[in-house]
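Student:
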Amino acid sequence: MRILGLAVGLVFAFTAQAANELKIGYLSTLSGPAGAIGVEVRDGFNLALKMAGGKLGGLPTEVIFADDTLNPETGKQLAERLLKRDRVNLMTGVIFSNVMLAAWPTIQEGKVFYIAPNSTPTRITGPGCTPHFVSASWPNEGHHEAAGLYAKSKGYKSMYLVAPNYPAGQDATTGFKRGYGGTIQAEVYTKLNQLDYSAELAQIRAAKPAALYAFLPGGMGINFIKQFVAAGLSSEVPLVVPGFAADQDIIRAVGEPMLGIFDTSHWAYDLDNDANRKFVAEFEKEYKRIPSLFAEQGYTTALVIDNAVRAVKGKIEDEKGFHKALMAAPTRIKSPRGDFRMAHNGTPVQDYYLRIVAKDSQGRLVNKKIGTVAKGLGDFWAKDCKMK
Amino acid sequence: MTPILFFEQSLNGLQFGLMLFLLAAGLTLVFGIMDMINLAHGSLYMVGAYLMASLVQASGSFWLALPLALAATALVGAILEVSLLRKLYERDHLTQVLATFALILITNEVVRMIWGTQPIMLNAPAGLTGPVELPGGVRYASYRLAIIGVGTLVALLLYVLVTKTRVGMLVRAGASNREMALAMGVNIRRLFTAVFALGAALCALAGAMLGPILAVQVGMGENILILAFVVIVIGGIGSIRGAFVGALLVGLVDTMGRALLPIAFATVFPPQMASNLGPSLSSILIYVLMAAVLVFRPQGLFPARG
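Chains as they are written, first to last, in the working numbering: chain A, 519 to 906; chain B, 37 to 342.
#1: Along the chain, where does the alpha helix (DSSP H) that runs through residue 748 of chain A open and close?
#2: Output the distance between the C-alpha atoms of residue 898 of chain A and residue 291 of chain B, rounded to the nearest integer angstrom.
#3: For chain A, is any of its Cβ atoms less than 9 Å away from the one on residue 303 of chain B?
#4: So, using beta-carbon positions, are residue 809 of chain A and residue 654 of chain A closer together than 9 Å?
#5: In chain order, which alpha helix (DSSP H) runs of at least 4 residues are fully inside the region 776 to 813 of chain A?
#6: Does residue 642 of chain A have its Cβ less than 9 Å from a Cβ in chain B?
#7: Going along the chain, which residues of its own chain have a beta-carbon closer than 6 Å to the beta-carbon of residue 621 of chain A, five neighbours each way excluded?
#8: My parser needs the alpha helix (DSSP H) runs of 4 or more residues fully inside the region 88 to 123 of chain B; what are they?
#9: Evaluate residue 327 of chain B with the Cβ neighbour count: other Cβ atoms within 10 Å of its Cβ, from every protein chain shown; 16 or more gives buried, anything less gives exposed.
#10: Could you pull the DSSP bridge partners for residue 731 of chain A from this structure?
#11: Which whole-angstrom value describes the C-beta separation of residue 725 of chain A and residue 558 of chain A, a residue pair presumed to lie in contact below a C-beta threshold of 8 Å?
#12: Against chain B, which members of the region 538 to 566 of chain A pass a CB distance test of less than 8 Å?
#13: Select from the region 727 to 745 of chain A all residues with a C-beta closer than 9 Å to any C-beta belonging to chain B, and list them in chain order.
#14: List, in order along the chain, the chain B residues whose C-beta lies closer than 8 Å to that of residue 713 of chain A?
#15: Looking at C-beta atoms only, is the number of pairs between the region 182 to 191 of chain B and the region 119 to 127 of chain B that lie closer than 8 Å three or more?
#16: Tell me whether residue 873 of chain A is buried or exposed, calling it buried when 16 or more other Cβ atoms sit within 10 Å of its Cβ.
#17: So is residue 53 of chain B buried or exposed if we call it buried at 16+ other beta carbons inside 10 Å?
#18: Going by the DSSP bridge assignment, what does residue 991 of chain A pair with across the sheet?
#19: Within its chain, find whatever has a CB closer than 7 Å to the CB of residue 194 of chain B; leave out the 5 residues flanking it on each side and keep chain order.
#20: Let me check one thing: in DSSP terms, what residues is residue 633 of chain A bridge-paired to?
#21: For residue 868 of chain A, name the three-state secondary structure that DSSP assigns.
#22: Helix, strand or coil, according to DSSP, for residue 127 of chain B in the structure here?
#23: Which runs of the alpha helix (DSSP H) spanning at least 4 residues fall entirely within the region 204 to 267 of chain B, listed in chain order?
#24: Judging by CA-CA distance, which residue of A/678, A/876, A/648 and A/700 is the nearest neighbour of residue 670 of chain A?
#25: Does the distance from the C-beta atom of residue 583 of chain A to that of residue 816 of chain A stay below 9 Å?
#26: Within 10 angstroms of its Cβ, does residue 782 of chain A collect 16 or more other Cβ (buried), or is it exposed?
#27: For a quick check, are the C-beta atoms of residue 682 of chain A and residue 734 of chain A less than 9 Å apart?
#28: Could you work out which residue in B/300, B/73 and B/244 is closest to residue 160 of chain B when comparing CA atoms only?
#29: Run down chain B in chain order and give the residues with a C-beta less than 9 Å from the C-beta of residue 615 of chain A.
#30: Taking Cβ positions, are residue 77 of chain B and residue 257 of chain B nearer each other than 9 Å?
#31: Mind listing the chain B neighbours of residue 720 of chain A? Cutoff is C-beta to C-beta under 8 Å, in chain order.
#32: For residue 886 of chain A, which option in A/822, A/834 and A/777 has the closest C-alpha, if you only look at C-alpha atoms?
#33: Would you say residue 86 of chain B reaches chain A, if we count a Cβ-Cβ gap shorter than 9 Å as a contact?
#34: Could you check if residue 99 of chain B is buried or exposed, using at least 16 other CB atoms within 10 Å of its CB as the buried criterion?
#35: Roughly how many angstroms lie between the CA atoms of residue 301 of chain B and residue 293 of chain B, to the nearest whole one?
#36: Starting from residue 624 of chain A, trace the alpha helix (DSSP H) in both directions and tell me its first and last residue.
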């Protein structure tokens, strides 16, 4: 045993030197009806990587992509493959919280840092918080809490909630209810990846709610909003959605029926700062489409990694130092969303805006910022994180 | 549950059932007449939807693209039958299942290579994107109503084709006793190809009509194929009438279960648990229905073989 321990110690001694290249394991949902989200985040990430000359933090960077197809079991296996076979020294990419929760124990065993470009389940950032998890997107309940604050400010007497039945769906309704604080007429949970909402829409019509809050990401949102409009409900019930249920990926697919839908987001394409103007212009040049908030998240994730790796001069094996650098990164980078900082549990504290789907000067459908809903809103569950 | 809500949910169930019927009709004929288990039936549904989406984009017209997509998928079906499936008729069911399962995998990959991994958009024809007012003040999606119309029309046409025409007589003869039909000099080979092409066209119709409501994506055929098999088992293998009744039963039970069970459970359990139990129990409901039918009528509701 002692010899084995010595050998292991030697191996660690060798690997503890500064890495001369960065190998990033990028686990994401890139196909299927929800795959559009993964593609947006990836494109934003790749754009930042390209603008940094293919080097994050000054190190040659290799990104290994793996597609979990929104299957938690596949996600877990792929995380294992990335860590054990490809020996990546950083991980990022996961879109859906059910995949995240399945892959998270594996990622933790691999003892690498994970930088979240999307899913930040409260189960990971609350009591289960660790220094290895840092989010460059938003806490799961953030957009929903902001949407709840907006619904409250509109004075809707009661709300009808629809969300898919998976961890982020439950985080969504919890967050919304905390922001809104009023009467909830009904909470309906649909199957994850359900495509036909006729039964749910009929129930909504019969219930005649004052307003409807629907959290249905990706393809689910496309189908829901299309069917919502086709059923004529858009003229009967005001619809409020979180930003990621009404962004460019969904606007592209649904088109004109989206006009006038309100949503809340930590970012808007017309946000007034230099970093954002540059990001939007470069993104449109590269991909010939308007970026969504997902693209911004991928982009900011790459900026955070770039800044933190540079701050520790490539010594990401120095866990304490790298964690400190990751936590400080948001205040040092120029993110398109503007200034934000990390709470002690590694989740962003940031502003949330109210947006409306409208036409821009070229007649394109875009999501315009029309106000600020919350300033410096952080993760409610940070209070349960005992980490200093 | 108000009468209006009940009426609207019935329409939803009817719409789903009629689309299931289009799939089940082809499946039951192939199974009943050729004694062939074709798992790749769902792939034809997917191919039909993809061809439809591409043709709508190319032509700009939904109604122009529809017959073209149907014809193209029928052609794909006929080619498949002549080149490959014909050789499987003589084999046992296990070989057929294996071979057609391989076809599912191959078709999925080919579609992925041609159209990519992202779902592609197929929008409802202009004029059918909004709701219509039905008597009694019910507002209902006009496109779903169009689906009900098309489904009913096709069901009627199939009924006439099978019961009133010479081709239909041959089909019925083949379904009830294949050897006898052969002995009487029916050109079974040509009949098989024709039936298979017809089944493919019906698949394409279901794919094309459901595309604007659901997503046109790789793997869309697998889930619905299982339901189509349930339908033909309930209805009686080889029977068009059985497929029709079975499809409507499955459609209504599925939709009503999805709508009613969560309401019933919500009175007892917290909402998350209720909406978890609702959908899972309503999908079990279909199989309970199938089991019950099989207990009392092992041949299905309308057995083709007497």
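Backbone N, C-alpha and C fix where the C-beta goes; we use that ideal spot for every residue, glycine too.
Tutor: Taking the definition as stated:
#1: 736 to 748
#2: Rounded to whole angstroms, the separation of the alpha carbons of residue 291 of chain B and residue 898 of chain A is 38 Å.
#3: no
#4: Contact flag unset, no.
#5: DSSP assignment within the region 776 to 813 of chain A yields the following whole alpha helix (DSSP H) runs of 4 residues or more, N-terminal first: 792 to 805.
#6: no
#7: 593, 594 and 597
#8: Fully enclosed alpha helix (DSSP H) runs of no fewer than 4 residues occupy 98 to 119 of the region 88 to 123 of chain B, in order along the chain.
#9: exposed
#10: A/679 and A/758
#11: Rounded, the Cβ-Cβ distance is 33 Å, inconsistent with contact.
#12: Along the region 538 to 566 of chain A, going in chain order, the ones with a CB nearer than 8 Å to a CB of chain B are 548, 549, 550, 551, 553, 554 and 557.
#13: 737, 740, 741, 744 and 745
#14: 249, 250 and 251
#15: No, they do not touch.
#16: buried
#17: buried
#18: The structure shown does not extend to residue 991 of chain A, since chain A is modelled only from 519 through 906, so no value can be given for it.
#19: 61 and 276.
#20: A/610 and A/652
#21: Here residue 868 of chain A sits in strand by DSSP.
#22: coil
#23: 214 to 219 and 224 to 246
#24: A/700
#25: It is not a contact, given that the beta carbons lie outside the stated cut-off.
#26: buried
#27: It is a contact, given that the beta carbons lie within the stated cut-off.
#28: B/244
#29: Per Cβ cutoff of 9 Å: no residues; residue 615 of chain A is ~15 Å from chain B at best.
#30: yes
#31: 41, 44, 45, 48 and 295
#32: A/777
#33: no
#34: exposed
#35: If you take the alpha carbons of residue 301 of chain B and residue 293 of chain B, they lie about 11 Å apart.
#36: 615 to 627
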